[in-house]
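The sequence shown begins at 1 in the UniProt record's numbering and counts up one residue at a time.
Backbone N, C-alpha and C fix where the C-beta goes; we use that ideal spot for every residue, glycine too.
All of these numbers come straight from a predicted model, not from anything done at the bench.
Inspection log for the structure reproduced underneath, given as structure tokens.
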Amino acid sequence: METTSQNQQAILELSQKLNALQPQRYVLYDEQCTAEWRGLRQKFENWVSKSFENAAILNTMSSDLLISKGLYKVPPEKYLETSAHTRRAYIQSYISHFIFDEILSVWFVQVPDVQVSQALHTMAQHMKSKGDWQLWEQWSSSTSTALECFSNSGFLPGKLDNLLHTVDFHFGEFYNNNMSRKLVHDKLSEVFWDCVGFKAKLERGESDYQLECSDRGKLYSEENMNSTSLETREGAVVQLSLWPSISKTSLNAERLILEHEAVWTSAQGATQQDAEADLRGKDSLSQKEQQLDVDMEDDDTETEGWIL
């Protein structure tokens, strides 16, 4: 009996050591994936609401001003200039698209070179075409892990600097004047690096996950989207994509939506009065929610006011 007990203990200890060697911190399952993705969205939305909390400042934003700064795909004036809430939605959409294009839509987030990224994209498509799911999973995970050697290359910090500079240039004059610019940068940087970490987990997970972000004018799809403006009638179109959807492809090639894309929609043939009434109602709800937020008076109390 003693020998059996010793053997069982030895097996247990060996199993624990083997488990410790597995990169479990990168593995995401569907429930974890969905929860973490929702958490990232909440963290990002909280940054937007806190950084652009002052409606009086934010309401000086106009479509003409944004266009003069070189921005494109600016929503029609009747949508953007109706309320502070719609302006926050535009800022959220702009940054969300940046993060999607630079971080979430690439095959491997750590690749420091465009040509290498294109080569790996071709390789990834080739590996997937083999139809061997286990082979694809092993290749993707191993390649993603190997690319960690470029983590100190300055490539991703350069993308972050570009994001911060771009946001400052286009929207810096609308920041909450009760917050330091350093705090604004620090909290947006956290969102950026959290998205990088999440993307790396997807690359090394056991499923084939996809992230999707819609352009303005795309028809609203109840199957793939949730509209924060509550306009979901037939013919509704996307004005702003606020946060990408996440889905997975199963072993039998079926697509499963884990989290719908968050979008701002409008009725394609809506009248000016209908659109403004809808947006005013949405802004009224936003103002009620903001009354529950903690006021931030200086740098010390600012940090406490964040719920990130």
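| Item | Value |
| --- | --- |
| Extent of the continuous alpha helix (DSSP H) to which residue 82 belongs | Careful: residue 82 lies outside any alpha helix (DSSP H) and carries neither H nor E. |
| Integer Cβ distance of residue 170 from residue 69, believed to fall under 8 Å | 5 Å |
| Simplified DSSP state of residue 122, which is helix, strand or coil | helix |
| Rounded C-alpha distance that separates residue 311 from residue 262 | Since the first residue of the chain shown is 1 and the last is 308, residue 311 is not available in this structure. |
| 8 Å Cβ shell around residue 236 - same chain, five flanking residues per side excluded | 219, 220, 227, 265, 266, 267, 268 |
| Burial state of residue 72, where buried means 16 or more other Cβ atoms lie within 10 Å | exposed |
| Closest by C-alpha distance to residue 331, when choosing among 216, 164, 240 | Because the chain here runs from 1 to 308, residue 331 falls outside it and cannot be looked at. |
| Coarse secondary structure for residue 248, derived from DSSP in three states | strand |
| Element boundaries [beta strand (DSSP E), containing residue 204] | No beta strand (DSSP E) holds residue 204; DSSP gives it neither H nor E. |
| Extent of the continuous alpha helix (DSSP H) to which residue 109 belongs | Run containing residue 109: none; DSSP gives neither H nor E here. |
| The region 168-186 contacting the region 123-141, beta-carbon criterion three pairs below 8 Å | no |
| CB contact flag (residue 204, residue 141, <8 Å) | yes |
| For residue 36, the first and last residue of its enclosing alpha helix (DSSP H) | 30-51 |
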